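By the numbering used here, the letter at position 214 of the sequence shown is numbered 395, and the numbering carries on one by one without gaps. Every residue, glycine too, gets a C-beta built ideally from N, C-alpha and C. Because the structure is a prediction, the values reported are computed rather than measured. Scroll down for the structure; my scribbles are underneath it.
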Amino acid sequence: MKEWSIIEALNWTTNYFKEKGIKSSRLEAEVLLSEVLGYSRLKIYLSYDQPLSKNELASYHQLVKRRSFYEPIAYIVGRKEFYGYDFKVTPKVLIPRPETELLVERIIEKLNSLDEKKCYQIVDIGTGSGSIAVTLAKNLNSYIYAIDISEEILNIASENAQNLKVKEKICFLKGNLLDPLKELNLKEEIEVIVSNPPYIPSHEINNLSSEVKDYEPLDSLDGGKDGIDYHLFLIKESLTYLKKGGYLYLELGINQAEILKKICSQYKDWHNLKIIKDYAKIDRILEVQKR
182 MKEWSIIEAL NWTTNYFKEK GIKSSRLEAE VLLSEVLGYS RLKIYLSYDQ PLSKNELASY
242 HQLVKRRSFY EPIAYIVGRK EFYGYDFKVT PKVLIPRPET ELLVERIIEK LNSLDEKKCY
302 QIVDIGTGSG SIAVTLAKNL NSYIYAIDIS EEILNIASEN AQNLKVKEKI CFLKGNLLDP
362 LKELNLKEEI EVIVSNPPYI PSHEINNLSS EVKDYEPLDS LDGGKDGIDY HLFLIKESLT
422 YLKKGGYLYL ELGINQAEIL KKICSQYKDW HNLKIIKDYA KIDRILEVQK R
């Protein structure tokens with residue numbers, strides 16, 4: 182086997198990924214090689230002439246092969262950065278997206294503007310990796326109920342909370358949507374309910390990229406016929422558990438804002454509705470307050 186240096190391996194992989202239509206091909210080549218060597222990307226840059234051992238090269242080729250089949254790089258390396266924190270991810274959980282960082286940022290800004298000293302009770306529905314719950318716990322005086330239907334998924338979220346030193350601020354609950362709140366008798370006790378629910382219309386799932394539809398959990402993507410099944414449920418049922426003045430935050434898919442605004446307007450107990458755009462100017466977050 183030919184001896185390859187770090188720079189030779191990176192150059193070959195970059196070109197190979199470009200041929201496969203993989204965006205950020207150079208960055209991803211560096212991330213995968215950093216994973217194999219246990220180097221930071223800075224150390225990779227400073228070690229371009231370093232030869233790779235046969236074992237290192239073989240390990241690297243295995244990761245490159247997996248990525249060439251469009252397996253998400255987050256699943257390959259087992260983690261994803263979100264809001265500046267590293268989160269463990271597996272194919273059981275949806276990979277955290279930059280759009281959801283905006284959702285978290287909005288909640289942090291809103292609650293800090295109201296009362297930084299108050300300890301807020303927050304519910305995160307469909308917590309997945311725990312990216313929303315953990316990040317809120319890191320940045321707010323809060324106690325958070327993180328709900329998911331899967332014990333295995335909750336274990337991943339709990340591990341992330343432990344790694345980021347906020348486990349004592351989060352109660353992980355197994356159950357479907359708001360059911361655990363009923364069991365805990367939390368009627369009108371919650372200041373914020375937040376969710377990044379499935380919002381892809383069922384008929385559009387097959388049009389998603391291979392990276393998404395072939396690897397990410399479909400039950401975290403499929404939002405029913407119009408992509409808003411979970412939104413409709415949460416808009417109706419969250420009123421039972423929110424305090425007066427409490428907020429519901431939902432992440433939205435494309436072209437869902439107008440119909441959800443109309444749905445909210447049918448409930449007399451919702452007011453002060455706002456739709457927040459993401460960085461691509463797409464309506465992405467619904468914020469609405471209980472009277």
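Residue range of the unbroken beta strand (DSSP E) whose run includes residue i
{"i": "residue 457", "result": "451–458"}
{"i": "residue 352", "result": "351–355"}
{"i": "residue 443", "result": "Run containing residue 443: none in the beta strand (DSSP E); it sits in the alpha helix (DSSP H), 438–446."}
{"i": "residue 260", "result": "260–263"}
{"i": "residue 403", "result": "Premise fails: residue 403 is in no beta strand (DSSP E) and is neither H nor E."}
Range covered by the alpha helix (DSSP H) that runs through residue i
{"i": "residue 191", "result": "187–200"}
{"i": "residue 220", "result": "That residue, residue 220, is in no alpha helix (DSSP H); it is neither H nor E in DSSP."}
{"i": "residue 288", "result": "279–295"}
{"i": "residue 334", "result": "332–344"}
{"i": "residue 360", "result": "360–364"}
{"i": "residue 393", "result": "391–394"}
Contact test: residue i Cβ vs the ligand PLP heavy atom, cutoff 7 Å
{"i": "residue 440", "result": "Because no ligand of any kind appears in the structure shown, any question about the ligand PLP cannot be addressed here."}
CA nearest to the CA of residue i, picked from the options
{"i": "residue 236", "options": "214, 329, 356 and 225", "result": "214"}
{"i": "residue 296", "options": "372, 327 and 441", "result": "372"}
{"i": "residue 212", "options": "251, 258 and 427", "result": "258"}
{"i": "residue 359", "options": "344, 384, 420 and 349", "result": "420"}
{"i": "residue 444", "options": "418, 424 and 232", "result": "418"}
{"i": "residue 288", "options": "440, 428, 465 and 340", "result": "428"}
{"i": "residue 501", "options": "465, 186 and 254", "result": "Outside the displayed range of the chain (182 to 472) lies residue 501, so it cannot be described from this structure."}
{"i": "residue 192", "options": "225, 219 and 364", "result": "225"}
DSSP three-state assignment for residue i, whether helix, strand or coil
{"i": "residue 250", "result": "coil"}
{"i": "residue 231", "result": "coil"}
{"i": "residue 312", "result": "helix"}
{"i": "residue 327", "result": "strand"}
{"i": "residue 373", "result": "strand"}
{"i": "residue 422", "result": "coil"}
{"i": "residue 472", "result": "coil"}
{"i": "residue 304", "result": "strand"}
{"i": "residue 432", "result": "strand"}
{"i": "residue 266", "result": "strand"}
{"i": "residue 317", "result": "helix"}
{"i": "residue 410", "result": "helix"}
{"i": "residue 225", "result": "helix"}
{"i": "residue 463", "result": "coil"}
{"i": "residue 381", "result": "strand"}
Spatial neighbours of residue i in its chain, beta-carbon cut-off 7 Å, leaving aside the 5 residues before and after
{"i": "residue 217", "result": "237, 240, 241 and 244"}
{"i": "residue 302", "result": "324, 370, 371 and 372"}
{"i": "residue 463", "result": "435"}
{"i": "residue 275", "result": "309, 397, 398 and 401"}
{"i": "residue 367", "result": "422"}
{"i": "residue 353", "result": "327, 335, 338 and 339"}
Contacting residues, own chain, Cβ-Cβ under 8 Å from residue i (five flanking each side not counted)
{"i": "residue 281", "result": "263, 312, 313, 377 and 432"}
{"i": "residue 188", "result": "229 and 230"}
{"i": "residue 195", "result": "206, 207 and 210"}
{"i": "residue 322", "result": "297, 298, 299, 300 and 301"}
{"i": "residue 293", "result": "321"}
Burial state of residue i, where buried means 16 or more other Cβ atoms lie within 10 Å
{"i": "residue 447", "result": "exposed"}
{"i": "residue 449", "result": "exposed"}
{"i": "residue 460", "result": "exposed"}
{"i": "residue 452", "result": "exposed"}
{"i": "residue 335", "result": "buried"}
{"i": "residue 222", "result": "exposed"}
{"i": "residue 395", "result": "exposed"}
{"i": "residue 341", "result": "buried"}
{"i": "residue 332", "result": "exposed"}
{"i": "residue 430", "result": "buried"}
{"i": "residue 267", "result": "exposed"}
{"i": "residue 168", "result": "Here the chain covers residues 182 to 472 and nothing more, so residue 168 does not appear."}
Interface flag, residue i vs chain D, CB-CB below 8 Å
{"i": "residue 215", "result": "The structure shown has no chain D; it contains just one protein chain."}
Residues near residue i by beta carbon distance below 6 Å, same chain, minus five either side
{"i": "residue 351", "result": "314, 318, 325, 327 and 342"}
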